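Numbering (this note's numbering), first residue to last: 9 to 144.
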(Lines of atoms letter the chains of each structure in order from A and count residues from 1; the text may use other names and numbers.)
(Lines give C-alpha, C1' and ligand atoms only; values in the text may rest on other atoms or scores of the structure.)
Protein backbone atom coordinates (compact mmCIF):
# COMPACT_ATOMS: atom_id res chain seq x y z
CA UNK A 1 0.00 0.00 0.00
CA UNK A 2 1.22 3.46 -0.81
CA UNK A 3 2.20 5.63 2.17
CA UNK A 4 2.07 9.38 2.74
CA UNK A 5 4.59 11.19 4.92
CA UNK A 6 3.23 12.85 8.06
CA UNK A 7 4.73 16.16 6.91
CA UNK A 8 2.57 16.05 3.77
CA UNK A 9 -0.49 15.22 5.87
CA UNK A 10 0.12 18.24 8.11
CA UNK A 11 0.60 20.50 5.10
CA UNK A 12 -2.54 19.26 3.30
CA UNK A 13 -4.68 18.17 6.25
CA UNK A 14 -8.07 19.02 4.69
CA UNK A 15 -7.23 17.14 1.51
CA UNK A 16 -5.99 14.20 3.60
CA UNK A 17 -9.30 14.04 5.51
CA UNK A 18 -11.30 14.31 2.28
CA UNK A 19 -9.32 11.43 0.77
CA UNK A 20 -9.82 9.20 3.80
CA UNK A 21 -13.52 9.96 4.22
CA UNK A 22 -14.60 10.08 0.58
CA UNK A 23 -12.15 7.82 -1.24
CA UNK A 24 -10.05 5.25 0.59
CA UNK A 25 -7.96 4.43 3.67
CA UNK A 26 -4.49 5.97 3.79
CA UNK A 27 -1.29 4.81 5.49
CA UNK A 28 0.74 7.62 7.08
CA UNK A 29 4.45 7.24 7.83
CA UNK A 30 6.24 9.25 10.48
CA UNK A 31 9.85 8.23 10.96
CA UNK A 32 9.57 4.49 11.55
CA UNK A 33 5.94 4.55 12.70
CA UNK A 34 2.98 3.77 10.45
CA UNK A 35 -0.71 4.43 11.08
CA UNK A 36 -3.76 3.50 9.06
CA UNK A 37 -6.36 6.24 8.65
CA UNK A 38 -9.79 4.92 7.80
CA UNK A 39 -13.22 6.53 7.84
CA UNK A 40 -15.80 5.60 10.44
CA UNK A 41 -18.13 4.25 7.74
CA UNK A 42 -15.35 2.05 6.32
CA UNK A 43 -14.54 0.79 9.81
CA UNK A 44 -18.16 -0.12 10.53
CA UNK A 45 -18.31 -1.97 7.20
CA UNK A 46 -15.03 -3.74 7.97
CA UNK A 47 -16.50 -5.00 11.25
CA UNK A 48 -19.91 -5.93 9.82
CA UNK A 49 -19.36 -9.70 10.00
CA UNK A 50 -18.18 -9.66 13.62
CA UNK A 51 -21.01 -10.98 15.79
CA UNK A 52 -21.27 -12.11 19.40
CA UNK A 53 -22.29 -15.70 20.14
CA UNK A 54 -24.09 -16.26 23.43
CA UNK A 55 -24.54 -19.69 25.01
CA UNK A 56 -27.43 -20.20 27.42
CA UNK A 57 -27.55 -22.59 30.37
CA UNK A 58 -30.63 -23.21 32.51
CA UNK A 59 -29.77 -23.38 36.19
CA UNK A 60 -31.49 -25.51 38.84
CA UNK A 61 -32.81 -22.40 40.59
CA UNK A 62 -34.66 -21.30 37.43
CA UNK A 63 -32.19 -18.64 36.42
CA UNK A 64 -30.26 -18.53 33.16
CA UNK A 65 -26.51 -18.23 32.85
CA UNK A 66 -25.34 -16.74 29.58
CA UNK A 67 -21.75 -16.78 28.38
CA UNK A 68 -20.30 -14.81 25.51
CA UNK A 69 -17.60 -16.66 23.57
CA UNK A 70 -15.77 -13.69 22.07
CA UNK A 71 -15.22 -11.64 25.24
CA UNK A 72 -15.33 -14.27 27.99
CA UNK A 73 -18.27 -12.56 29.68
CA UNK A 74 -20.83 -14.34 31.85
CA UNK A 75 -24.12 -13.11 33.31
CA UNK A 76 -26.82 -14.80 35.37
CA UNK A 77 -30.41 -13.60 35.45
CA UNK A 78 -34.00 -14.68 35.94
CA UNK A 79 -35.13 -12.10 33.37
CA UNK A 80 -35.35 -14.16 30.15
CA UNK A 81 -36.98 -11.32 28.21
CA UNK A 82 -34.16 -8.87 28.89
CA UNK A 83 -31.24 -11.28 28.44
CA UNK A 84 -29.73 -9.72 25.31
CA UNK A 85 -30.03 -6.21 26.73
CA UNK A 86 -28.30 -7.26 29.95
CA UNK A 87 -25.48 -8.87 27.96
CA UNK A 88 -25.27 -5.79 25.72
CA UNK A 89 -24.69 -3.66 28.84
CA UNK A 90 -21.93 -6.06 29.97
CA UNK A 91 -20.34 -5.84 26.51
CA UNK A 92 -20.42 -2.04 26.59
CA UNK A 93 -18.98 -1.89 30.12
CA UNK A 94 -16.19 -4.27 29.12
CA UNK A 95 -15.47 -2.35 25.90
CA UNK A 96 -15.21 0.92 27.83
CA UNK A 97 -12.81 -0.70 30.33
CA UNK A 98 -10.78 -2.11 27.43
CA UNK A 99 -10.39 1.35 25.89
CA UNK A 100 -9.65 3.05 29.22
CA UNK A 101 -6.78 0.61 29.81
CA UNK A 102 -6.01 -0.11 26.16
CA UNK A 103 -2.29 -0.93 26.57
CA UNK A 104 -3.02 -3.45 29.28
CA UNK A 105 -5.84 -5.23 27.45
CA UNK A 106 -4.45 -5.09 23.91
CA UNK A 107 -1.00 -6.28 24.95
CA UNK A 108 -2.42 -9.27 26.83
CA UNK A 109 -2.14 -12.21 24.45
CA UNK A 110 -5.50 -13.67 25.48
CA UNK A 111 -7.31 -10.35 24.91
CA UNK A 112 -5.73 -9.03 21.72
CA UNK A 113 -8.14 -10.99 19.51
CA UNK A 114 -11.03 -9.28 21.29
CA UNK A 115 -10.13 -5.89 19.82
CA UNK A 116 -12.42 -5.99 16.73
CA UNK A 117 -15.38 -6.97 18.93
CA UNK A 118 -14.58 -4.23 21.43
CA UNK A 119 -14.26 -1.68 18.63
CA UNK A 120 -17.60 -2.80 17.16
CA UNK A 121 -19.29 -2.29 20.53
CA UNK A 122 -17.67 1.12 21.10
CA UNK A 123 -18.80 2.32 17.67
CA UNK A 124 -22.43 1.25 18.22
CA UNK A 125 -24.94 4.07 18.65
CA UNK A 126 -26.78 2.49 21.60
CA UNK A 127 -27.38 -0.68 23.63
CA UNK A 128 -30.11 -1.87 21.28
CA UNK A 129 -27.61 -1.89 18.42
CA UNK A 130 -25.15 -3.93 20.50
CA UNK A 131 -27.95 -6.35 21.45
CA UNK A 132 -28.61 -6.78 17.73
CA UNK A 133 -25.05 -8.08 17.28
CA UNK A 134 -25.73 -10.98 19.69
CA UNK A 135 -26.70 -14.40 18.35
CA UNK A 136 -28.21 -16.70 20.96
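A virtual CB, placed ideally from N, CA and C, is assigned to each residue, including glycine. All of these numbers come straight from a predicted model, not from anything done at the bench.
Look up residue i in the DSSP assignment and say whether it is helix, strand or coil.
{"i": "residue 32", "result": "coil"}
{"i": "residue 55", "result": "coil"}
{"i": "residue 80", "result": "coil"}
{"i": "residue 123", "result": "helix"}
{"i": "residue 19", "result": "helix"}
{"i": "residue 73", "result": "strand"}
Hey, could you find the ends of the alpha helix (DSSP H) residue i is sitting in?
{"i": "residue 93", "result": "91–108"}
If you count every other CB in all the chains shown that lies within 10 Å of the CB of residue i, and 16 or more means buried, which is it?
{"i": "residue 108", "result": "exposed"}
{"i": "residue 62", "result": "buried"}
{"i": "residue 76", "result": "buried"}
{"i": "residue 121", "result": "exposed"}
{"i": "residue 42", "result": "exposed"}
Who does residue i pair with in a DSSP beta bridge?
{"i": "residue 134", "result": "None, per the DSSP bridge assignment."}
{"i": "residue 37", "result": "13 and 42"}
By the DSSP assignment, the beta strand (DSSP E) with residue i in it spans what residues?
{"i": "residue 87", "result": "From DSSP, residue 87 is part of no beta strand (DSSP E); its letter is neither H nor E."}
{"i": "residue 63", "result": "60–66"}
Exercise. Is there contact here, the region 43–54 with the region 91–105, by at least three beta-carbon pairs under 8 Å?
Worked result: Between the region 43–54 and the region 91–105 there are fewer than three inter-stretch CB-CB distances shorter than 8 Å, so the stretches are not counted as touching.
Exercise. Would you call the region 11–23 and the region 33–41 in contact, with 3 or more CB pairs under 8 Å?
Worked result: Here the region 11–23 makes contact with the region 33–41; the two share three or more CB pairs at distances below 8 Å.
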